[in-house]
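Quick notes on the structure that follows.
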Amino acid sequence: MKPIWIIDDDQSIRWVLEKALGRENLVSRSFSNARDVLAALETESPQVLISDIRMPGGSGLDLLQQIKTKYPTLTVIIMTAYSDLDSAVAAFQGGAFEYLAKPFDIGKAVELIRRALEESLREQVVDEHMTDTPEIFGQAPAMQDVFRAIGRLSQSNVTVLITGESGSGKELVARALHKHSPRSEGPFIAINTAAIPKDLLESELFGHERGAFTGAQTMRRGRFEQAEGGTLFLDEIGDMPFDLQTRLLRVLSDGHFYRVGGHSPLKANVRVIAATHQNLEARVRDGLFREDLFHRLDVIRLRLPPLRERREDIPILVRHFMQTSARELGMESKRVSEPAMAAIGNLPFPGNVRQLESLCHWLTVMAPAQTIDVKDLPDDLAAGKSLGEATAAQFGDGEVRPTAAAASAAAPEAAAPHVGASWEQVLGAEAKQMLEASQPEVFDALLKRFERSVITAALECTRGRRVEAAERLGIGRNTITRKLQELDID
Numbered sequence: 024m025k026p027i028w029i030i031d032d033d034q035s036i037r038w039v040l041e042k043a044l045g046r047e048n049l050v051s052r053s054f055s056n057a058r059d060v061l062a063a064l065e066t067e068s069p070q071v072l073i074s075d076i077r078m079p080g081g082s083g084l085d086l087l088q089q090i091k092t093k094y095p096t097l098t099v100i101i102m103t104a105y106s107d108l109d110s111a112v113a114a115f116q117g118g119a120f121e122y123l124a125k126p127f128d129i130g131k132a133v134e135l136i137r138r139a140l141e142e143s144l145r146e147q148v149v150d151e152h153m154t155d156t157p158e159i160f161g162q163a164p165a166m167q168d169v170f171r172a173i174g175r176l177s178q179s180n181v182t183v184l185i186t187g188e189s190g191s192g193k194e195l196v197a198r199a200l201h202k203h204s205p206r207s208e209g210p211f212i213a214i215n216t217a218a219i220p221k222d223l224l225e226s227e228l229f230g231h232e233r234g235a236f237t238g239a240q241t242m243r244r245g246r247f248e249q250a251e252g253g254t255l256f257l258d259e260i261g262d263m264p265f266d267l268q269t270r271l272l273r274v275l276s277d278g279h280f281y282r283v284g285g286h287s288p289l290k291a292n293v294r295v296i297a298a299t300h301q302n303l304e305a306r307v308r309d310g311l312f313r314e315d316l317f318h319r320l321d322v323i324r325l326r327l328p329p330l331r332e333r334r335e336d337i338p339i340l341v342r343h344f345m346q347t348s349a350r351e352l353g354m355e356s357k358r359v360s361e362p363a364m365a366a367i368g369n370l371p372f373p374g375n376v377r378q379l380e381s382l383c384h385w386l387t388v389m390a391p392a393q394t395i396d397v398k399d400l401p402d403d404l405a406a407g408k409s410l411g412e413a414t415a416a417q418f419g420d421g422e423v424r425p426t427a428a429a430a431s432a433a434a435p436e437a438a439a440p441h442v443g444a445s446w447e448q449v450l451g452a453e454a455k456q457m458l459e460a461s462q463p464e465v466f467d468a469l470l471k472r473f474e475r476s477v478i479t480a481a482l483e484c485t486r487g488r489r490v491e492a493a494e495r496l497g498i499g500r501n502t503i504t505r506k507l508q509e510l511d512i513d
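Start counting the sequence shown at 24; every next residue gets the next number (our numbering).
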């Protein structure tokens, strides 16, 4: 995470904030004037910027205006004296995340900065460059058709609808369309419309004004504003609520929208790429999807083939994913034997490329030798199960243990705890078993499993309502959103 920048001509204010953030293990950097900040922004950027309003050599509001012009996604907190509250209103109008009134309580200041950090991490926009865009591989004729379509659309801003099964790589195609388009220098913003509760999706897409609803403490830009000048990718568009389809249709029709609670229309300079695994024509017939919106989206349609229709690409993908997994884990890349590669090539892969990638990552961690053979593959994958189901069947539901070959090499005393043991004892025994099997990054692996179990249980209790689940767990809404993404919880 990048450092937090503090801008104030008062050295004592800078010192207090530096010490408070240091106690929270947060890295900070201080400036005494706006001029030095603007110079530093030419070569680096902060995660959050905290600026005073009244400073010699340039006010905080002027600095805010310049920052939002050149770095619109940067989260900014404005510090102000109580006599400057009119300026605080101007700060909100200029796009500040929140204001901090002086004199402030240091605990509340740190809490506010943490909220700003969560917002910044959640809304962080990563510029798309050739070097960091995931590659799309494929020699199969069906994939060559996709590549040719991307090439033909390279100089176009036309709306595209990508269809294909889950895990087939629809977002990769959307990113490629963006990277090779005239908007490549703009942001690429992706949102899964099926993963966000209906009551929050409107605000996620269009933003909201301060006070628009309970909990709307600040003005917030939606995904359309974040994607200004670039591309907005709407994944799983077929699951969008019907009433929101009307609002999306209006944006696609005339290019204008309103924030939730807003009264001034905003112009959207955004290219929309949508994707779905569903049959939209059938959903139109069933009255679940607007026909006029379907025709607005279905200007150019790209069908992405499932992995079973491009089996000749599996060896290329396997080698790529094995190398990528090894690099991420700091390990030597393992080799897949010809019999194992043939066996993988015959698997049904209902989860498509995403499932194949997960299998390669699993093999990198769990296969006992540098050469992977058929016996190292999860037994039940051939039955058409997902990797999670297959490994659960092989090792027990919820358990992550070595293959039989690796288990035989482990110490014989690494036995499971007796029946009736507490979960702490079970956890300790699992950690001991993983350590004795020399598995890498045991702490991170167990921590992720713990977080996944707790968050999944909370979502089951709240029937998928994330905000309520976060409240019950005692964590923030932004935190649970980030954890769902990090842990790949659907």
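Built from N, CA and C at the ideal position, the CB exists for glycine as well.
- Excluding the five sequence neighbours on either side, which residues of its own chain have a C-beta within less than 7 Å of the C-beta of Arg37, listed in chain order? Ile29, Asp31 and Ser53
- Message: For Ala132, tell me which candidate among Arg198, Ile73, Arg489 and Ala454 has the shortest Cα-Cα distance.
- Response: With distances taken between Cα atoms, Ala132 lies closest to Ile73.
- Query: So, helix, strand or coil for Val300, using DSSP?
  - Reply: In the sequence as displayed, the identity of residue 300 is His instead of Val. Residue state, collapsed to three classes: coil.
- Item | Arg358 versus Asp399, Ser381 and Arg331, residue with shortest Cα-Cα distance | Ranking Asp399, Ser381 and Arg331 by Cα distance to Arg358 puts Asp399 first.
- Message: Between Ser191 and the ligand COA, is there a pair consisting of the residue's CB and a ligand heavy atom that are separated by less than 7 Å?
- Response: In the structure shown, the ligand COA is absent, as is every other ligand, since no ligand is present at all.
- Cα separation between Pro463 and Val388? C-alpha separation (whole angstroms): 8 Å.
- Message: Could you check whether Gln162 and Ile339 sit closer than 8 Å to each other, using their CB atoms as the reference points?
- Response: yes
- Item | CA nearest to the CA of Ser204, picked from Arg308, Asp511, Val50 and Val181 | Val181
- Message: Given a cut-off of 8 Å on the beta-carbon distance, is the pair Gln89 and Pro26 in contact?
- Response: no
- Message: If you follow the beta strand (DSSP E) that Met102 is in, where does it begin and where does it stop?
- Response: Thr98 to Ala104
- Residue(s) in a DSSP beta bridge with Phe280: Leu289
- Task: To the nearest angstrom, report how far apart Glu65 and Arg58 are at their CA atoms.
- Result: 11 Å
- Report all residues from its chain with a CB closer than 8 Å to the CB of Thr304; omit the five preceding and five following residues, and keep chain order. It should be noted that the sequence gives Glu, not Thr, for residue 304. Its chain contains Phe317 as the residues whose beta carbon lies nearer than 8 Å to that of Glu304, once the 5 sequence neighbours on both sides are disregarded; these appear in chain order.
- Task: Could you name the residues that DSSP lists as bridge partners for Ala392?
- Result: The partner list for Ala392 (beta bridge, DSSP) is empty, contrary to what the question assumes.
- Beta-carbon proximity list for Gly252, same chain, < 6 Å, skipping 5 on both sides: Gly209 and Asn292
- Task: Flag this pair as yes or no: are the beta carbons of Thr254 and Arg282 separated by less than 8 Å?
- Result: no
- If we ignore side chains and look at the alpha-carbon of each, how far apart do Val477 and Cys484 end up? 11 Å
- Message: Would Ile219 and Ala199 qualify as a contact pair, given that the criterion is a beta-carbon distance under 8 Å?
- Response: no
- Count the other CB atoms, across all protein chains shown, that sit within 10 Å of the CB of Glu227; report buried if there are 16 or more and exposed otherwise. buried
- Mind checking which residues open and close the alpha helix (DSSP H) that includes Ala460? Looking at the DSSP string, Ala460 is not in any alpha helix (DSSP H), and its letter there is neither H nor E.
- Would you identify the three-state DSSP class for Ser74, choosing helix, strand or coil? DSSP places Ser74 in strand when its eight states are reduced to three.
- Contact set for Gly187: own chain, Cβ-Cβ below 6 Å, skip 5 residues either direction: Lys193 and Leu327
- Message: Bridge partners for Trp28 per DSSP, in chain order?
- Response: Arg52 and Leu72
- Query: Near Ile136, which residues of its chain fall below 6 Å by C-beta distance, leaving aside the five closest residues on each side in sequence?
  - Reply: Nothing meets the Cβ criterion.
- Message: Assess contact between the stretch 369-389 and the stretch 330-344, defined as three or more Cβ pairs (one per stretch) separated by less than 8 Å. Is contact present?
- Response: The stretch 369-389, when compared against the stretch 330-344, does touch it at the 8 Å Cβ threshold.
- Just tell me which of His286, Gln456 and Met263 has its CA closest to the CA of Gly310. Met263
- To which residues does DSSP link Phe211 through a beta bridge? Thr254
- Message: Excluding the 5 residues flanking Lys523 on each side, which residues of the same chain have their C-beta closer than 6 Å to its C-beta?
- Response: No information on residue 523 is available, as it lies outside the stretch 24 to 513 that the chain covers here.
- Task: Starting from the C-beta of Ala217, find all residues in its chain whose C-beta is less than 7 Å away, skip the five residues before and the five after it, and write them out in chain order.
- Result: Glu259 and Asp262
- alpha helix (DSSP H) segment containing Ile260, residue limits: That residue, Ile260, is in no alpha helix (DSSP H); it is neither H nor E in DSSP.
- Message: For Ala349 and Ser356, I'd like the C-alpha separation in whole angstroms.
- Response: Between Ala349 and Ser356, the C-alpha separation is close to 5 Å.
- Beta carbon of Val465, beta carbon of Ile323: below 8 Å? no
- Task: Quick one: using the 10 Å Cβ neighbour count with 16 as the cut-off for buried, is Arg42 buried or exposed?
- Result: Looking at the sequence itself, residue 42 is Lys, so the reference to Arg does not match. Label assigned to Lys42: exposed.
- Residue range of the beta strand (DSSP E) that Val183 falls in? Val183 to Thr186
- Query: Nearest to Glu335 by alpha carbon, out of Gln167, Gly45, Tyr94 and Leu320?
  - Reply: Comparing Cα positions, the closest option is Gln167.
- Item | Uninterrupted beta strand (DSSP E) stretches inside the stretch 320-353 (no shorter than 3 residues) | 323-326
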